[in-house]
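Below is one structure; the comments refer to it alone.
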Amino acid sequence: MANSIPLSKPSSNLQTKTPNESSLLRWICLAPAVIYDSLLFLLPLIFLIWIGFWTVDNYRLVPGFSLSNYIDIFQQFFSKSRYAYAILQSLWVSSTATFLTVLFCYPFAMAIAFVVPVRLQRLAILLAIAPFWSSYILRLYAWQTLLNKEGLINSFLQTLHLINQPIEIVFTQIGTRIGLIHYLAPIMILILYLALQNVDRSLLSAAQNLGATRWQVFWRVLLPLTRPGIVYAAVFGMIISLGDVLSGIILGGGTGKSIFGSLPLFASMILNEYAASTNLPRTSALATILIVIMVLILFAGTKFSQSNQ
Amino acid sequence: MAIQKKQGSDRLLALAGWAYLLLGFGFLLLPIFALVLFSFEDSRLPTLPWTGWTLKWYNFLLSDGRLLEALKNSLIVSPLAAAAATVIGFFAAYALNRFEFWGKKFLSILLIVPILIPPLIMGVAFLGLLSRVNLQGQLLSVFLTHVVILIPTAIALITIRLAQMPSDIEQAAWNLGASEWQALFRVVLPWSIPGIAGAWLLSFTFSFDEFVIAWFVSGFQPTLPVAIYSFMAFNLDPSLNAIGTIIFALSILLLVGVELLLIPLLLENRSNSKQA
Numbered sequence: 001m002a003n004s005i006p007l008s009k010p011s012s013n014l015q016t017k018t019p020n021e022s023s024l025l026r027w028i029c030l031a032p033a034v035i036y037d038s039l040l041f042l043l044p045l046i047f048l049i050w051i052g053f054w055t056v057d058n059y060r061l062v063p064g065f066s067l068s069n070y071i072d073i074f075q076q077f078f079s080k081s082r083y084a085y086a087i088l089q090s091l092w093v094s095s096t097a098t099f100l101t102v103l104f105c106y107p108f109a110m111a112i113a114f115v116v117p118v119r120l121q122r123l124a125i126l127l128a129i130a131p132f133w134s135s136y137i138l139r140l141y142a143w144q145t146l147l148n149k150e151g152l153i154n155s156f157l158q159t160l161h162l163i164n165q166p167i168e169i170v171f172t173q174i175g176t177r178i179g180l181i182h183y184l185a186p187i188m189i190l191i192l193y194l195a196l197q198n199v200d201r202s203l204l205s206a207a208q209n210l211g212a213t214r215w216q217v218f219w220r221v222l223l224p225l226t227r228p229g230i231v232y233a234a235v236f237g238m239i240i241s242l243g244d245v246l247s248g249i250i251l252g253g254g255t256g257k258s259i260f261g262s263l264p265l266f267a268s269m270i271l272n273e274y275a276a277s278t279n280l281p282r283t284s285a286l287a288t289i290l291i292v293i294m295v296l297i298l299f300a301g302t303k304f305s306q307s308n309q
Numbered sequence: 310m311a312i313q314k315k316q317g318s319d320r321l322l323a324l325a326g327w328a329y330l331l332l333g334f335g336f337l338l339l340p341i342f343a344l345v346l347f348s349f350e351d352s353r354l355p356t357l358p359w360t361g362w363t364l365k366w367y368n369f370l371l372s373d374g375r376l377l378e379a380l381k382n383s384l385i386v387s388p389l390a391a392a393a394a395t396v397i398g399f400f401a402a403y404a405l406n407r408f409e410f411w412g413k414k415f416l417s418i419l420l421i422v423p424i425l426i427p428p429l430i431m432g433v434a435f436l437g438l439l440s441r442v443n444l445q446g447q448l449l450s451v452f453l454t455h456v457v458i459l460i461p462t463a464i465a466l467i468t469i470r471l472a473q474m475p476s477d478i479e480q481a482a483w484n485l486g487a488s489e490w491q492a493l494f495r496v497v498l499p500w501s502i503p504g505i506a507g508a509w510l511l512s513f514t515f516s517f518d519e520f521v522i523a524w525f526v527s528g529f530q531p532t533l534p535v536a537i538y539s540f541m542a543f544n545l546d547p548s549l550n551a552i553g554t555i556i557f558a559l560s561i562l563l564l565v566g567v568e569l570l571l572i573p574l575l576l577e578n579r580s581n582s583k584q585a
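So, in structure tokens, the structure goes:
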């Protein structure tokens, strides 16, 4: 029957017909993005690395090639400004915050995907990402009023006589982590929910029919299948929290306490140092160091996920 | 017997799931509730015994002016930056979706990468460049820099929409005599409208909430998050709750738009395949 009507044949000769202006159109469409990103993305980044080698004399930038910023920074690495400790604090707080966020979000996304009726799932996701649409800095402010010594949570616990003394959360790195978890959770829930949605349900019931217990289905089928989503979410969380300044300042009080002591986060330190000194070359050098740390983490992350597969 | 037991544990598991969801939503929504609620409370400190309703923080906000001025700045910059990024992003997404060419992979990575670089690093980098050409410290600086970090969002969302477009539609337009430009503007563009609107909304939200880059480049014309940040250094009072409530009311309006545009766009393929 398909042969009887010539018109219904795949019209391959027609499909290859493209008008003449193709190549011009392509470049006109790409040009704005390419030019814009070259001028205002690549150029600033190259410039950032370059400025790290400049110096400041009498509040004026002096172009040149001097290692003095880096020498100075590395000389103060363990003393005075103690950058090494700030980097350590950043890595510790970011990795624990990321881990806790995944731990919180995975079961949450699972509950939405498997327990909530399909027609309500969209609403649940929408509610879960609602905090994302309100201002981040004001959410941190709200957390601060909730968590501080006279705050709602402490006074609530005290009226219930669960605690006698208010708990110190604000101005410790626990506070920083609460802010970060609350910031990361909506996006992570979305990522993990989409990863769980992509899992073929028949694989789960097949495993169950073959006699796997619930735990086995979870550990040996569901978790491995959603592994890319988890790695993706974790890398996302790590990069965002390493670069975040607000939670560490507003909830962590700048130099919040952790098991390593009262140390600032590296990102907050960069911001505060610039606010105090407006020394752009030195800030650029510090930012360049942050880039190097992140590239190393990305590299380690990809190596890790490859070696396990 | 065994089946009954299994059903029982199923129900238990579902119950645990709902309980967990309830707790989780409590955590996620608690600060927003607190923000809205305490913007109407009389007392300066948000403590348990409720002291009474008031609108004085809203009055204070209106009479102070600093935060409102910053809100005005933000409402100028963010919609424009989102619009510019969406226009640039639409054309780039169209070209990347339709054409194959040498270096395409590199180019798509280059165009997405700005959103992966932490804004702190971009903020320092932007300030370094802009201060060399005397473009720092103005609203224009915020506009110029925000467009960079919004383009990836716009490209990503519009690409999702374009990928759902059957390529025959455009080819049909050519075969019926449309030029490529006509097909682009009268066939591809209308098809992309949900993606474009979603991209604008998400870009607007990103820009409106962006702090670090704006802190570095905005100078004496702060955007709202920057103004809130310096406001917080001096006074911690509930007029912050008041502006937070206003912003949240604005974002609920946006959310309605998102629910109508963005979520269907992201979930369309999946819900379709589920029905099949």
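Chains as they are written, first to last, in my numbering: chain R, 1 to 309; chain F, 310 to 585. Cβ atoms here follow ideal geometry from the backbone N, Cα and C, with glycine treated the same way. Just so you know, these numbers come straight off a predicted model, no measurement behind them.
Counting along the chain, the unbroken beta strand (DSSP E) around R/T55 starts and ends at T55 to D57. By the C-beta density criterion, R/L192 is buried, having at least 16 other C-beta atoms within 10 angstroms. Cβ atoms of R/L30 and F/A401 come within 8 Å of each other, at about 6 Å.
Its chain contains F513 as the residues whose beta carbon lies nearer than 7 Å to that of F/P388, once the 5 sequence neighbours on both sides are disregarded; these appear in chain order. The Cβ atoms of F/V535 and F/S548 lie no closer than 8 Å to each other.
Per the coordinates, the alpha-carbon of R/F47 lies some 15 Å from the alpha-carbon of F/L444. Among the residues of the segment 104-126 of chain R, those with a Cβ less than 8 Å away from any Cβ of chain F are F104, P107, F108, M110, A111, I112, F114, V115, V116, V118, R122, A124, I125 and L126, in the order of the chain.
Secondary structure note for R/R26: it is in no beta strand (DSSP E), and the uninterrupted alpha helix (DSSP H) holding it is S22 to D37. Below the 7 Å Cβ cutoff, chain F contributes V433 as neighbours of R/T283, in chain order.
If you check each beta-carbon in the segment 328-360 of chain F against every beta-carbon of chain R, the ones closer than 8 Å belong to Y329, L330, G333, F334, F336, L337, L338, L339, P340, I341, A343, L344, F347, L354, P355, T356 and L357. For F/D518, at least one C-beta of chain R is nearer than 8 Å to its own C-beta.
Taking a C-beta cut-off of 7 Å against chain F, the contacting residues of the segment 50-76 of chain R are I51, listed in chain order. The three-state secondary structure of R/G229, taken from DSSP, is helix. Straight-line measurement puts the Cα of F/I397 at about 25 Å from the Cα of R/F236.
Contacts with chain R at 8 Å (Cβ-Cβ) do not include F/F513. Relative to the Cα of F/L364, the nearest Cα in the group F/L321, F/E350, F/L376 and F/F557 belongs to F/E350. Counting along the chain, F/R353 sits inside no alpha helix (DSSP H), nor does DSSP assign it H or E at all. DSSP places R/L61 in the uninterrupted beta strand (DSSP E) bounded by R60 to V62. F/A523 has its alpha-carbon roughly 48 Å from the corresponding atom of R/L204. R/W143 and F/I555 have their C-alpha atoms some 18 Å from each other. Per the coordinates, the alpha-carbon of F/M474 lies some 11 Å from the alpha-carbon of F/P499. For F/T395, the closest of F/G553, F/L563, F/V521 and F/G504 by C-alpha to C-alpha distance is F/G504. In this structure, the CA atom of R/L194 is about 14 Å from the CA atom of R/L123. Contact annotation: R/L251 and R/T145 have beta-carbon atoms that are not nearer than 8 Å. In the displayed model, F/W411 falls within coil according to three-state DSSP, outside both helix and strand. The segment 102-118 of chain R makes contact with the segment 182-192 of chain R, as at least three CB pairs between them are under 8 Å.
Taking a 10 Å sphere around the C-beta of F/F515, we find 16 or more other C-beta atoms and assign the residue as buried.
DSSP, reduced to helix, strand and coil, places F/G446 outside both helices and strands of the structure shown, so it counts as coil. One thing to note: R/L246 has its Cβ no nearer than 8 Å to the Cβ of R/I51.
A Cβ-Cβ distance of about 6 Å is found for the pair R/L138 and F/L344, placing them in contact under the 8 Å criterion. Taking 8 Å as the threshold, the shortest C-beta distance from R/F41 to chain F falls below it. Under a 10 Å Cβ-count criterion, F/G553 is classified as buried, with 16 or more other Cβ atoms of the shown protein chains found around its own Cβ. A buried status is given to R/Q89, since no fewer than 16 other beta-carbon atoms sit within 10 Å of its beta-carbon. By the rule that beta-carbons nearer than 8 Å mark a contact, F/V456 touches chain R. F/G507: member of the alpha helix (DSSP H) spanning L498 to D518, first to last residue. With fewer than 16 other CB atoms across the displayed protein chains lying within 10 angstroms of its CB, R/R201 is exposed.
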